[in-house]
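A short write-up of the structure that comes next.
2 protein chains.
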Amino acid sequence: MNLKELSQNLGLSQTTVSRALNGYPEVSAKTRQRVEQAAAKFNYRPSNRAKGLATGKSYAIGHVIPLSTKHEMVNPIFGDFIAGAGETYAREGYEMTLSIVDDQDEAQIYSGLKSKNSVDGVVVHGPRMNDNRITLLQELGLPFVVHGRVSGCETPYPWLDVNNRSAFRQLTKYLIGLGHRRIALINGLEVMDFAHRRRAGYEAALIDAGLSPDPTIMRSDEMTEEFGYETTRDVLQHPDPPTGIVCSSLISAIGVRRGIEDAGLKMGQDVSVVTHDDALSYLKNGGKTPIFTATRSSVRDAGRHLAQMLLQAIADPDQLPQTTLWDAEFVIGGSTGPAPSKD
Amino acid sequence: MNLKELSQNLGLSQTTVSRALNGYPEVSAKTRQRVEQAAAKFNYRPSNRAKGLATGKSYAIGHVIPLSTKHEMVNPIFGDFIAGAGETYAREGYEMTLSIVDDQDEAQIYSGLKSKNSVDGVVVHGPRMNDNRITLLQELGLPFVVHGRVSGCETPYPWLDVNNRSAFRQLTKYLIGLGHRRIALINGLEVMDFAHRRRAGYEAALIDAGLSPDPTIMRSDEMTEEFGYETTRDVLQHPDPPTGIVCSSLISAIGVRRGIEDAGLKMGQDVSVVTHDDALSYLKNGGKTPIFTATRSSVRDAGRHLAQMLLQAIADPDQLPQTTLWDAEFVIGGSTGPAPSKD
DNA sequence: AATCAATCCCAAAGCGCTTTGGATAAACCA
DNA sequence: TGGTTTATCCAAAGCGCTTTGGGATTGATT
């Protein structure tokens, strides 16, 4: 059923039917009701394509998610983020289109999306230090929002981020407060902006306490479980092993725990662990009592809100770039305890 | 830059330019080359919308992923599946559109996608027992493929699945071979078809060995880490506790491990654990030596292949429904050992 | 009675592409 | 030479919608 058929069926013109359905005032209440009933009866839905062609909009948002070429891995937070964003889109009648793409040729994808006119805006995932995508998108004139921030980017742009620096400062400070002096960092890839900020927070806390960061117990890689495990095994064999570990992801933290236990030690006694927790739906940080002492910020909420921001920016292209900074929640779990006394 | 502008620029008609670009024979090699160069120079990309309107195709595939209303959770395998499928789409010039939707009103979404003409086909995720989506899609005439199978569905339909039954039979049998007699099952939600098949495999192995399935040590829920943990704590307090656990997901298995250790026991000695492993990129089952004895089947490969199947089905609507059954790989890890001798 | 402003509706153009049904020119055949 | 292919290209229609620029009809106003 298309507009033409529907309007013939009603004995009205396409114009009137279109207007009735889109809430224009030039149509009587009576007619509008009649049209709406018929539309419901025939289950009429305007073709997105045709509507898009006519209006110049596409009613779709693009998510370009980088596939790490190194590990061929897609960020596990992605599912939850998308679920949040998808909620917003569904409510506002937008579609969501996904492109999974090797992290090198993202740029190409953006200009493709723009010139093919297939989306009204995009969400930028996994921003890196000095990420040139911001400039590119601004040049293209394609509306966008960033999940995270881009250190080194001069021009204003819209973003939503957790305060990674203060979160990691807090985590580290907490360990220091428990008496820990040797604290390792297991971080994400530090080309990623968030990882960079997290390290800065970690280092700031150490320096605040008069401790000096030791690069031999600071590691950075894709945040897999295995990375957490291997790194933990490794740093625990250090001549001066850490008694505290600051970790960047719950998944890696699970590996950290395994590493500690495989070394015959006990988490929360011999080694204390703190981590950031993205509050993924399938991977809660424990039930009543948290497993890990952690900073927590829901990535799904981020998706929801960021989508909202983008839709607003599209609706009002002249508005100034909105920015949102969230503070992570701090929870104390069973993974931390006083630093073991030296023997 | 659109077709009109490009063709004016070349001094050719839109027809010719369109044909040159789409590989039709009615255009001389010379002209074609000239057109292609100009297209490249101006970075011309045909508008997807317009192309779709003209051809009746949309060059997009829909993925409708159910959001469990109960736990508001999106299946963690989803990211990897999508990454695989996305590869195929990118190669074939298709877009991927996502709808995240409460599992009740999926049906509505499908008919919406159909009538809005926004996709050429859909991938059905998370099929349930007697899932009525198959019939619905067939009635709608919307091409589809299913990731998994639907027990109780009479008519043929295209699917790709792992042999869940034989995998779980093998896992269980392996434990039995090690001398285990009390074996618990920690399964996914058994309305899901895959979970149902897995239980069937588990039970078959027990019965083969003359053991009788005990419902008090068979649990089924959303496969979170927490579920694995809680259930393990629980079954270990059973008057006649299991020495073996068959688990449906690596994420739950991590919880199982935590539960075993929190109970002061050792995995692989006091309690043996086997699991299915979807080979997620951020959650490998260990490095050199697997953590868990497991059946493994890459969900990303499934995505890649299923997308291919769908594209073929779209290209040739008259072909018979293709079906693909994969056998999972079996790997032995450190989570299993001989059943502890009774004292 | 004539005028005016609402009110309600419509025909037709246009969005950017594909595709049908020729037209033209060059090449071939008898 | 004239007629017939063949190779190239083009004009125009059409995909399903929105939107511009009116045209009737009605009721109120003078």
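Chains as they are written, first to last, in my numbering: chain F, 1276 to 1618; chain D, 1276 to 1618.
Cβ atoms here follow ideal geometry from the backbone N, Cα and C, with glycine treated the same way.
Note that the structure is predicted; figures quoted are calculated from it, not measured.
| query | In chain F, what lies closer than 7 Å to I1529 of chain D by C-beta? | reply | Looking up residue 1529 of chain D in the second sequence gives position 254. What I1529 of chain D touches in chain F: I1529.
| Taking W1434 of chain D as the reference, which of D:L1446, D:G1463, D:D1468, D:R1457 has the closest Cα? | Translated into the one-based positions of the second sequence, residue 1434 of chain D becomes position 159. Taking only the C-alpha atoms, the option nearest W1434 of chain D is D:D1468.
| Does G1354 of chain D come within less than 8 Å of chain F when only Cβ atoms are used? | Indexing the second sequence from 1 puts residue 1354 of chain D at position 79. Yes, contact with chain F.
| With DSSP run on the structure shown, which of helix, strand or coil describes I1566 of chain D? | On the second sequence, residue 1566 of chain D is found 291 positions in, with the first residue counted as 1. In this structure, I1566 of chain D counts as coil in the three-state DSSP scheme.
| Given T1599 of chain F, which residues of its chain have a CB within under 6 Å of its CB, disregarding the five upstream and five downstream residues? | Mapped onto the first sequence, residue 1599 of chain F falls at position 324. Taken in chain order, the residues that qualify are L1435.
| task | Let me know the secondary structure DSSP gives T1518 of chain D once reduced to three states. | result | By one-based count along the second sequence, residue 1518 of chain D stands at place 243. T1518 of chain D falls in the coil class under three-state DSSP.
| said: With a threshold of 8 Å, are at least 3 pairs of Cβ atoms found where one atom belongs to the segment 1359-1368 of chain D and the other to the segment 1569-1578 of chain D? | reply: yes
| Residue from D:R1309, D:A1315, D:F1502, D:L1446 whose Cα sits closest to the Cα of G1387 of chain F | On the first sequence, position 112 is the one that residue 1387 of chain F refers to. Selected option, being the one with the closest Cα: D:A1315.
| message | Since S1547 of chain D and H1455 of chain D should fall inside the 8 Å C-beta cutoff, what is the C-beta to C-beta distance between them, to a whole number of angstroms? | response | Numbered from 1 along the second sequence, position 272 holds the residue referred to as residue 1547 of chain D. Numbered from 1 along the second sequence, position 180 holds the residue referred to as residue 1455 of chain D. That belief holds up - the Cβ atoms of S1547 of chain D and H1455 of chain D are roughly 6 Å apart, short of 8 Å.
| task | Verify whether the separation of the beta carbon atoms of T1564 of chain F and G1609 of chain F is less than 8 Å. | result | Translated into positions along the first sequence, residue 1564 of chain F becomes position 289. Translated into positions along the first sequence, residue 1609 of chain F becomes position 334. Contact: yes.
| request: In angstroms with no decimal places, state the Cα-to-Cα distance between S1523 of chain F and A1358 of chain D. | output: To locate residue 1523 of chain F, count along the first sequence from 1; it is residue 248. To locate residue 1358 of chain D, count along the second sequence from 1; it is residue 83. Spanning the two alpha carbons is a distance of roughly 23 Å.
| Straight-line CA distance for I1340 of chain D to L1558 of chain D? | On the second sequence, position 65 is the one that residue 1340 of chain D refers to. On the second sequence, position 283 is the one that residue 1558 of chain D refers to. Cα-Cα distance, rounded: 21 Å.
| field | Inter-residue CB distance, N1462 of chain D and S1441 of chain D (contact presumed, cutoff 8 Å) | value | If you number the second sequence from 1, residue 1462 of chain D lands on position 187. If you number the second sequence from 1, residue 1441 of chain D lands on position 166. Incorrect: roughly 16 Å between the Cβ atoms, too far for contact.
| Going straight from the alpha carbon of E1594 of chain D to that of G1337 of chain F, what length do you get? | Within the second sequence, numbered from 1, the residue matching residue 1594 of chain D stands at position 319. Within the first sequence, numbered from 1, the residue matching residue 1337 of chain F stands at position 62. In the sequence under discussion, the amino acid at residue 1594 of chain D is Gln, which differs from the Glu named in the question. Distance between the alpha carbons of Q1594 of chain D and G1337 of chain F is about 33 Å.
| request: Could you run through the segment 1506-1535 of chain D and flag, in chain order, every residue whose CB is less than 7 Å away from some CB of chain F? | output: I1526, I1529
| said: Please identify, using Cβ separations under 8 Å, the residues of the segment 1553-1571 of chain F that lie next to chain D, in order along the chain. | reply: L1555, S1556, Y1557, L1558, K1559, G1561, G1562, I1566
| request: Determine the contact status of A1480 of chain F and T1447 of chain F, defining contact as a CB-CB distance below 8 Å. | output: Locating residue 1480 of chain F in the first sequence gives position 205, counting from the first residue. Locating residue 1447 of chain F in the first sequence gives position 172, counting from the first residue. Yes. Within cutoff.
| Run of the alpha helix (DSSP H) containing T1611 of chain D, from where it starts to where it stops | In the second sequence, residue 1611 of chain D corresponds to position 336, counting from 1. Taken as a continuous stretch (DSSP letters only), T1611 of chain D belongs to no alpha helix (DSSP H), as it is neither H nor E.
| query | To the nearest angstrom, how far is it from the Cα of D1483 of chain D to the Cα of Q1445 of chain D? | reply | Numbered from its first residue, the second sequence carries residue 1483 of chain D at position 208. Numbered from its first residue, the second sequence carries residue 1445 of chain D at position 170. Cα to Cα, D1483 of chain D sits roughly 11 Å from Q1445 of chain D.
| said: With the cut-off set at 8 Å, would you say A1313 of chain D and N1284 of chain D are in Cβ contact? | reply: Within the second sequence, residue 1313 of chain D is the residue found at index 38, counting from 1. Within the second sequence, residue 1284 of chain D is the residue found at index 9, counting from 1. Taking 8 Å as the Cβ cut-off, A1313 of chain D and N1284 of chain D qualify as a contacting pair.
| field | DSSP state of H1513 of chain D mapped onto helix, strand, coil | value | Counted from its first residue, the second sequence places residue 1513 of chain D at position 238. Coil at H1513 of chain D, not helix or strand.
| How is E1280 of chain F classed by DSSP in three states: helix, strand or coil? | Along the first sequence, one-based indexing puts residue 1280 of chain F at 5. Three-state result, E1280 of chain F: helix.
| Of all the residues that make up the segment 1389-1401 of chain F, which are near chain D by a beta-carbon distance shorter than 7 Å? | S1390, K1391, N1392, S1393
| task | Ignore the nearest five residues each way along the sequence and tell me which others in D1406 of chain D's own chain have a CB closer than 6 Å to its CB. | result | Position 131 of the second sequence, counted from the first residue, corresponds to residue 1406 of chain D. Within the same chain, D1406 of chain D has close Cβ partners V1425.
| Rounded separation between G1561 of chain D and R1508 of chain D - CA only | To locate residue 1561 of chain D, count along the second sequence from 1; it is residue 286. To locate residue 1508 of chain D, count along the second sequence from 1; it is residue 233. Each residue's Cα considered, the two are about 24 Å apart.
| message | Using a Cβ-Cβ cutoff of 8 Å, what residues of the segment 1350-1381 of chain F are near chain D? List them in chain order. | response | N1350, P1351, F1353, G1354, D1355, I1357, A1358, G1361, E1362, A1365, E1370, M1371, T1372, L1373, S1374, I1375, V1376
| Quick one: what's A1335 of chain D bridged to in DSSP? | Translated into the one-based positions of the second sequence, residue 1335 of chain D becomes position 60. DSSP output for A1335 of chain D lists D:E1370 as bridge partner(s).
| query | When you check each C-beta in the segment 1302-1325 of chain F against every C-beta of chain D, which residues fall closer than 8 Å? | reply | N1318, Y1319, R1320, P1321, S1322, N1323, R1324, A1325
| said: I want to verify the contact list: residues of chain D whose CB lies under 8 Å from the CB of E1501 of chain F, in sequence order. | reply: Along the first sequence, read from residue 1 onward, the residue named residue 1501 of chain F stands at position 226. Under the 8 Å cutoff, chain D gives K1559, G1561, G1562.
| message | Rounded to the nearest angstrom, what separates F1567 of chain D and G1519 of chain D at their Cα positions? | response | Within the second sequence, residue 1567 of chain D is the residue found at index 292, counting from 1. Within the second sequence, residue 1519 of chain D is the residue found at index 244, counting from 1. Their backbone Cα atoms lie some 12 Å apart in a straight line.
| For A1295 of chain F and P1418 of chain D, the rounded distance between their alpha carbons | Here residue 1418 of chain D corresponds to residue number 143 of the second sequence, with the count starting at 1. Here residue 1295 of chain F corresponds to residue number 20 of the first sequence, with the count starting at 1. Their Cα atoms are separated by approximately 32 Å.
| message | Taking its Cβ as the centre, do 16 or more other Cβ atoms sit within 10 Å of K1389 of chain F, making it buried, or is it exposed? | response | Along the first sequence, read from residue 1 onward, the residue named residue 1389 of chain F stands at position 114. So K1389 of chain F counts as buried.
| request: Kindly say whether S1386 of chain D, judged by its beta-carbon, lies nearer than 8 Å to any beta-carbon of chain F. | output: Locating residue 1386 of chain D in the second sequence gives position 111, where the first residue counts as 1. Closer than 8 Å: yes.
| Which ranges does the alpha helix (DSSP H) cover as unbroken runs of at least 4 residues, wholly within the segment 1298-1333 of chain D, from first to last along the chain? | 1304-1316, 1323-1330
| message | Here's the rule I'm using: 16 or more other beta-carbon atoms within 10 Å means buried, otherwise exposed. How should E1381 of chain F be labelled? | response | The sequence position of residue 1381 of chain F within the first sequence is 106, counting from 1. Buried, by the Cβ-count rule.
| query | So what does DSSP say about E1625 of chain F, is it helix, strand or coil? | reply | Examination of residue 1625 of chain F is not possible in this model, given that chain F is present from 1276 through 1618 alone.
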